[in-house]
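Asks:
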Amino acid sequence: MTWDWDYSLQILPLLLQGALLTIIVTFASAVIALGGGLLLTIATNDSPRVITWLLRVFVETFRGVPILVLLYFGFYVLPQVGIMFSPLVVGILVLGIVYAAYCSEVYRGGIAEIPSSIHDACQALGLKRSVQWRRVLMPMAIRSVTPSLMNYVLLLYKQSSFLFAIGVPVLLGQAQMAGYNNFKYLEPYTIAAVIYLLLNLPFIAVLHKLEVKNER
Numbered sequence: 115m116t117w118d119w120d121y122s123l124q125i126l127p128l129l130l131q132g133a134l135l136t137i138i139v140t141f142a143s144a145v146i147a148l149g150g151g152l153l154l155t156i157a158t159n160d161s162p163r164v165i166t167w168l169l170r171v172f173v174e175t176f177r178g179v180p181i182l183v184l185l186y187f188g189f190y191v192l193p194q195v196g197i198m199f200s201p202l203v204v205g206i207l208v209l210g211i212v213y214a215a216y217c218s219e220v221y222r223g224g225i226a227e228i229p230s231s232i233h234d235a236c237q238a239l240g241l242k243r244s245v246q247w248r249r250v251l252m253p254m255a256i257r258s259v260t261p262s263l264m265n266y267v268l269l270l271y272k273q274s275s276f277l278f279a280i281g282v283p284v285l286l287g288q289a290q291m292a293g294y295n296n297f298k299y300l301e302p303y304t305i306a307a308v309i310y311l312l313l314n315l316p317f318i319a320v321l322h323k324l325e326v327k328n329e330r
């Protein structure tokens, strides 16, 4: 088996299109995950016990069910009950909601690490609960848990490859299509692996800087 350079150059634009879509999916899902996780944390801390329990069930459900099962559920099951989304939207929502559940636990851990004296000081100053969250609690929590959140964004990026299972032409999907159409798999999968690695490097660099900063 030898490397076919002409074939590699032929499929490269297709793979780069998949890489671009992978970046878009990662960014959109990460926004949902980070923002949704934050809202889940606030709601869990400030809601009545019944609502808190329901939110915990929601979080544990999306943490416990494999992503591929959720993708198939959104792609195959929801249309049968009249809920229609494009495969791309299903993929982004599933990744975003699943990682929102994980991120909410990270935020919750950051809140738990805030000294009780800070909470007491906020109450002594008569700050509204919304102001406490916006100005004091969340900035402190986010500062301490940012490396953990970045780890989840990195995992989200890697698991965006699962979207090819429901027909979304992310990088892995384009590699699969190129290999299937030409019965040549060495070049598309190797190039895809290299592209995934190159896209991974900025995440690792940012994560390393955050870890070094937190150690100071």
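In the working numbering, the protein residues as written are 115 to 330. Positions of the beta carbon are idealized from the N, C-alpha and C atoms, including for glycine. Predicted model, so just to flag it, every value in this text is computed and none were measured.
1. Where V164 and E174 are concerned, what is the direct C-alpha to C-alpha distance, given to the nearest angstrom?
2. Closest by CA to N295, which one among Q124, S218, T116 and L169?
3. Report the residue from E219, L277 and D120 whose alpha carbon sits nearest the alpha carbon of F187.
4. Count the other CB atoms within 10 Å of the CB of M198; is the residue buried (16 or more) or exposed (fewer)?
5. Work out the CA separation of H233 and F141 for me, nearest whole Å.
6. By the DSSP assignment, the alpha helix (DSSP H) with I206 in it spans what residues?
7. Could you check what DSSP says for W117 in three-state terms: helix, strand or coil?
8. Rounded to whole angstroms, what's the CA-CA distance from Y271 to P316? Just pull it up for me.
9. When you compare each of A214, Y221, I280 and L263 to V183 by their alpha carbons, which one comes out closest?
10. Do N159 and I225 have their C-beta atoms closer together than 9 Å?
11. Cβ atoms of T260 and L313: under 9 Å apart, would you say?
12. Between the alpha carbons of L268 and G210, how many angstroms are there, rounded?
13. Would you report the Cα separation of I256 and A306, rounded to the nearest angstrom?
14. Would you grab the beta carbon distance between A133 and I318 for me? Rounded to a whole angstrom, and I think it's under 8 Å.
15. Of the choices S262, L126, S143 and W247, whose alpha-carbon is the least far from that of A157?
16. On the CB-based measure, 16 or more other CB atoms within 10 Å of its CB, does V61 come out buried or exposed?
17. Take the Cβ of S274 as the centre, count every other Cβ of all protein chains shown within 10 Å, and call the residue buried at 16 or more, exposed below.
18. Look at the alpha carbon of C236 and the alpha carbon of M252, and state the distance between them as a whole number of angstroms.
19. My output table needs one value for F189: the three-state DSSP class, helix, strand or coil.
20. Between which two residues does the alpha helix (DSSP H) carrying A289 extend?
Replies: The short version:
1. Taking the first residue of the sequence shown as 1, we reach residue 164 at position 50. Taking the first residue of the sequence shown as 1, we reach residue 174 at position 60. One C-alpha to the other measures close to 15 Å.
2. In the sequence shown, residue 295 corresponds to position 181, counting from 1. Considering only alpha carbons, the answer is Q124.
3. Here residue 187 is taken as the residue at index 73 of the sequence shown, counted from 1. Checking every option, the nearest Cα to that of F187 belongs to L277.
4. Reading the sequence shown from its first residue, position 84 is the one you call residue 198. An exposed status is given to M198, since fewer than 16 other beta-carbon atoms sit within 10 Å of its beta-carbon.
5. Indexing the sequence shown from 1 puts residue 141 at position 27. Indexing the sequence shown from 1 puts residue 233 at position 119. Rounded to the nearest angstrom, the gap between the Cα atoms of F141 and H233 is 33 Å.
6. As a first step, residue 206 is located in the sequence shown; it is residue number 92 there, counting from the start. According to the DSSP assignment, I206 belongs to the alpha helix (DSSP H) that extends over P201 to A226.
7. As a position in the sequence shown, residue 117 is number 3, starting the count at 1. In the structure shown, W117 adopts coil according to DSSP, grouped into three states.
8. Position 157 of the sequence shown, counted from the first residue, corresponds to residue 271. Position 202 of the sequence shown, counted from the first residue, corresponds to residue 316. Distance between the alpha carbons of Y271 and P316: 12 Å.
9. Your numbering for residue 183 matches position 69 in the sequence shown. Among A214, Y221, I280 and L263, the Cα nearest to that of V183 is on I280.
10. Against the sequence shown, residue 159 aligns to sequence position 45. Against the sequence shown, residue 225 aligns to sequence position 111. In this structure, N159 sits near I225, with a CB-CB distance shorter than 9 Å.
11. Counting from one through the sequence shown, the residue named residue 313 turns up at place 199. Counting from one through the sequence shown, the residue named residue 260 turns up at place 146. No, Cβ-Cβ distance for L313 and T260 is not below 9 Å.
12. Start at 1 with the first residue of the sequence shown, and residue 268 comes out as number 154. Start at 1 with the first residue of the sequence shown, and residue 210 comes out as number 96. Cα atoms of L268 and G210: separation of roughly 13 Å, rounded to the nearest angstrom.
13. The count along the sequence shown starts at 1 and reaches residue 256 at position 142. The count along the sequence shown starts at 1 and reaches residue 306 at position 192. Each residue's alpha carbon lies about 34 Å from the other.
14. Counted from its first residue, the sequence shown places residue 133 at position 19. Counted from its first residue, the sequence shown places residue 318 at position 204. Rounded, the Cβ-Cβ distance is 17 Å, inconsistent with contact.
15. Taking the first residue of the sequence shown as 1, we reach residue 157 at position 43. When only C-alpha atoms are compared, the closest one is W247.
16. Residue numbering for the chain in the displayed model covers 115 to 330; residue 61 lies beyond these limits and cannot be assessed.
17. Numbered from 1 along the sequence shown, position 160 holds the residue referred to as residue 274. Flag for S274 reads buried.
18. Taking the sequence shown and counting its residues from 1, the one referred to as residue 236 is at position 122. Taking the sequence shown and counting its residues from 1, the one referred to as residue 252 is at position 138. Rounded to the nearest angstrom, the two C-alpha atoms are 13 Å apart.
19. Within the sequence shown, residue 189 is the residue found at index 75, counting from 1. Note: F189 maps to helix in three-state DSSP.
20. For this step, residue 289 is matched to residue 175 along the sequence shown. Taken as a continuous stretch (DSSP letters only), the alpha helix (DSSP H) holding A289 covers L285 to N296.
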